[in-house]
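Some notes on the structure that comes next.
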Ligand code: FES
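Residue numbers (this note's numbering): 29 to 193.
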């Protein structure tokens, strides 16, 4: 009479009881699946939260930054100039004889847009924006974020941003 091999692991893994190979593989797969779901779920919610947060309304940094002087009005022309506002890059320029400022962070997934040929172009997913910040093409749900700007004497001051229409 032929004997068959036992279907249990000789090592006690489950509270002192021998565990079957099927149960061991099932528990290992459930562990891997649970870990994967937990990591991806956390990443998903962090990404969604970061996407929904406009760069001008940072929970920590930007609201504390307040108004920052970024040079004289004479430093700016109709050619958009990059200016640092905290860790954000902002384009400042004259548009229709008015000094304006727009965040360089694309409202899609925040790649830095580049000024070229009279408009802003995003290198990541080919979005483009007009000089008044409005979306022309591409996946972003809205236009560029307009940066608050005021002039004190001859100094240009930047504050927190609000979305362009
Ligand atoms: S990040 Fe700009 S279009 Fe996607």
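Using N, Cα and C, we set each Cβ at its ideal position, and we do this for glycine too.
Query                                                                                                                                 : Result
In the DSSP assignment, the beta strand (DSSP E) including residue 129 goes from what residue to what residue?                        : 126-131
With residue 101 as the anchor, note down where its beta strand (DSSP E) starts and where it stops.                                   : Neither: residue 101 is in no beta strand (DSSP E) and is coded neither H nor E.
Roughly how many angstroms separate the alpha carbons of residue 175 and residue 111, rounded to a whole number?                      : 11 Å
Where does residue 217 fall in DSSP's three states?                                                                                   : In the structure as shown, the chain starts at 29 and stops at 193, and residue 217 therefore has no counterpart that could be examined.
Return yes when at least one heavy atom of the ligand FES lies under 8 Å from the C-beta of residue 137, else no.                     : yes
How about residue 147 and residue 158: do their beta carbons lie closer than 9 Å?                                                     : yes
Terminal residues of the continuous beta strand (DSSP E) containing residue 164?                                                      : 163-165
Identify whether residue 70 lies in helix, strand or coil by the three-state DSSP scheme.                                             : helix
Give the secondary structure of residue 159 by DSSP, where H, G and I count as helix, E and B as strand, and everything else as coil. : coil
Would you kindly work out how many angstroms separate the C-alpha atoms of residue 88 and residue 136, rounded to a whole number?     : Reliability fails at residue 88, whose pLDDT of 43 lies under 50, so the model's placement of it is uncertain and no value is given.
Is residue 141 near the ligand FES, going by C-beta to nearest heavy atom under 8 Å?                                                  : yes
Can you tell me the Cα-Cα spacing of residue 104 and residue 143, whole angstroms?                                                    : 15 Å
Would you say the beta carbon of residue 123 comes nearer than 8 Å to a heavy atom of the ligand FES?                                 : no
Skipping 5 residues on each side, what residues in its chain have a beta carbon closer than 6 Å to that of residue 187?               : 95, 176
With distance defined between alpha-carbon atoms, name the residue in 114, 134, 140 nearest to residue 168.                           : 134
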